[in-house]
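Numbering of the sequence shown is given in my numbering, commencing with residue 3 and proceeding in unit increments.
For reference, the structure discussed in these notes is given below.
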Amino acid sequence: MGHIGGKAVFVPLAAPGDVVEAAIVEDRSRYCRARVLRVVVPSPDRVEPPCPLFGDCGGCAWQHVAYRAQLAAKRAVVEDALRRIGRLEPPPVPAVIPSPREYGYRHRARLHAVRAGGDVVLGFFRAGSHSVVPVASCPVLHPSLDAALAALAAAMRACRGTIPAGSEVRADTGWDGAAVRLSVSEPGGAPLDLPPALQLALRAAGDAAGVAIDAGGPSAAPLALPLGPGEDALVTTGATFTQVNLEQNRALVAAALEMAEARPGTKVLDLCCGLGNLSLPAAAHGARVLGVDLDAEAVRQAR
């Protein structure tokens with residue numbers, strides 16, 4: 003974010019400390035949006051993005067900034083809001099807790115099937131649009147998830163026409179990455195049972211990649227994926243919300259329990275409780291907990 007004449011200008015893909023030449027693409031009464039034409043003087047915190055699709059694919063926005071600078075910039079955004087809007091000085095913002103993994107952390111993904119030439123390929127939405135950028139590999143995904151998607155792409159090439167363009171593929175893996183669950187929805191949103199030939203090709207490609215792939219379809223028994231280590235970890239068996247970074251989620255839960263002072267005698271109200279990510283650990287600490295959510299499947303899993 004920069005300023006022109008006191009008006010905020012938001013410039014995607016610029017790095018804090020850059021000097022850039024930019025073109026205004028949207029001019030509002032209180033702010034502008036711009037796009038970078040060229041970097042005149044790069045920030046010392048600017049780095050080379052590890053993904054060749056960065057800037058085109060809409061999945062990531064920070065790969066061009068060193069991780070320590072990302073944390074500082076995100077903290078500064080919160081401090082700025084509390085200072086300007088909340089009139090708090092100094093704004094009481096603690097240090098950001100960094101993720102244990104900068105890459106390879108994402109345990110779930112949603113991809114879209116699109117026709118490219120004579121084949122149907124998978125990809126993510128392009129930034130700010132519903133057009134699809136074909137993706138062969140993604141450094142943000144957990145290695146098991148990345149391997150499973152590569153196996154699915156190989157199986158789709160071997161069995162053409164089995165997944166129609168416009169379909170959506172959801173992929174999930176658990177804490178240990180031992181198995182990957184794939185579910186496919188048709189363009190209209192209805193669950194799609196993968197043809198037997200594609201399932202055979204998928205299992206073979208998965209075995210070659212060293213990852214167990216479950217793609218049984220909506221009629222099969224759900225695969226339970228652990229969301230943490232140990233026998234007491236929560237599991238997910240269906241398409242309900244979970245944090246994408248399971249290792250960082252442990253830090254999130256610990257911080258929330260400390261702030262809520264969850265202990266015997268404490269009453270905790272967890273709104274948007276999901277499958278119990280915060281509710282059940284709070285209850286395990288002795289608190290009396292009421293969890294509320296609109297997602298009936300999430301509440302069922304929490305129970």
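Each residue gets a CB set at the ideal place from its N, CA and C atoms; glycine is no exception.
Same chain only: Cβ atoms within 8 Å of residue i, ignoring 5 sequence neighbours per side
i      : result
Ala156 : Ala203, Ala207
Ala211 : Ala149, Ala150, Ala152, Ala153
Glu249 : Ser101, Pro102, Arg103, Tyr107
Beta-carbon gap between residue i and residue j smaller than 8 Å
i      : j      : result
Leu147 : Arg108 : yes
Ala300 : Val291 : no
Ala111 : Leu143 : yes
Ile165 : Leu184 : no
Val122 : Ala129 : no
Leu124 : Val135 : no
Leu282 : Ala304 : yes
Pro14  : Pro141 : no
Arg37  : Val27  : yes
Cα-Cα separation between residue i and residue j, rounded to whole angstroms
i      : j      : result
Ala97  : Arg77  : 8 Å
Pro224 : Thr239 : 6 Å
Pro100 : Arg302 : 32 Å
Environment of residue i [buried if 16+ CB atoms lie within 10 Å]
i      : result
Val67  : buried
Ala222 : exposed
Cys274 : exposed
Leu296 : exposed
Phe126 : buried
Leu39  : exposed
Val294 : exposed
Ser169 : buried
Ala10  : exposed
Asp209 : exposed
Leu236 : buried
Own chain, CB closer than 7 Å to residue i, minus 5 neighbours either side, in chain order
i      : result
Ala160 : Ala203
Trp64  : Gln72
Sequence-distant residues of its chain with Cβ nearer than 6 Å to residue i (five each side left out)
i      : result
Ala289 : Ala264, Thr268, Val270
Val21  : Val42, Val43
Arg162 : none
- Using 8 Å as the Cβ pair cut-off and three pairs as the minimum, do the region 82 to 92 and the region 53 to 61 touch? no
- Taking contact to mean at least 3 C-beta pairs separated by less than 8 Å, is the region 224 to 234 in contact with the region 176 to 183? yes
- Task: Could you tell me whether the region 4 to 11 touches the region 21 to 36, where touching means 3 or more Cβ pairs closer than 8 Å?
- Result: Judged by pairs of C-beta atoms under 8 Å, the region 4 to 11 touches the region 21 to 36, as three or more such pairs exist.
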